[in-house]
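Undergrad:
Numbering (this note's numbering), first residue to last: 1 to 90.
1) Can you name the start and end residues of the alpha helix (DSSP H) that residue 38 belongs to?
2) Sort 66, 59, 65, 67 by Cα distance to residue 78 and report the nearest one.
3) Please classify residue 165: is it buried, with 16 or more other beta-carbons within 10 angstroms of its beta-carbon, or exposed?
4) Whole angstroms are fine: how far does the CA of residue 16 sit from the CA of residue 23?
5) If you drop the 5 nearest sequence neighbours on each side, which residues of the same chain put their C-beta closer than 6 Å to that of residue 20?
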């Protein structure tokens with residue numbers, strides 16, 4: 001468990017430890033990003049997340065255009081491996 005000082009809750013030694021614990025608790029794999037590279041990391045994450053959501057939405061709309069109802073398209077999308085319903089809600 002990480003100890004974060006009440007006097008200085010965001011000290012450099014405590015925040016990385018807490019961040020790693022949060023990432024692992026959410027099923028992620030923590031990675032150290034150098035401070036001078038964090039802007040690039042956030043830019044890449046923003047681009048990637050938007051692209052993924054756009055592709056999933058495009059796939060869903062194609063399934064609906066086949067005549068599926070919204071909930072049927074969501075189930076079919078899940079069957080295709082396109083995210084779980086808990087992650088993206090129509």
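Ideal Cβ placement from N, Cα and C applies to all residues, glycine included. Please read all numbers here as calculations on a predicted model, not as lab measurements.
TA: Working from what's here:
1) As a first step, residue 38 must be located in the chain shown, where it is residue number 38. Note, residue 38: alpha helix (DSSP H), 38-65.
2) On the chain shown, residue 78 is found 78 positions in, with the first residue counted as 1. Answer by Cα proximity: 59.
3) Since the first residue shown for the chain is 1 and the last is 90, residue 165 is missing from the structure and cannot be characterised.
4) Indexing the chain shown from 1 puts residue 23 at position 23. Indexing the chain shown from 1 puts residue 16 at position 16. The alpha-carbon atoms of residue 23 and residue 16 are separated by roughly 10 Å.
5) For the purposes of this step, residue 20 is identified with residue 20 of the chain shown, where counting begins at 1. So the qualifying residues of the chain are 30.
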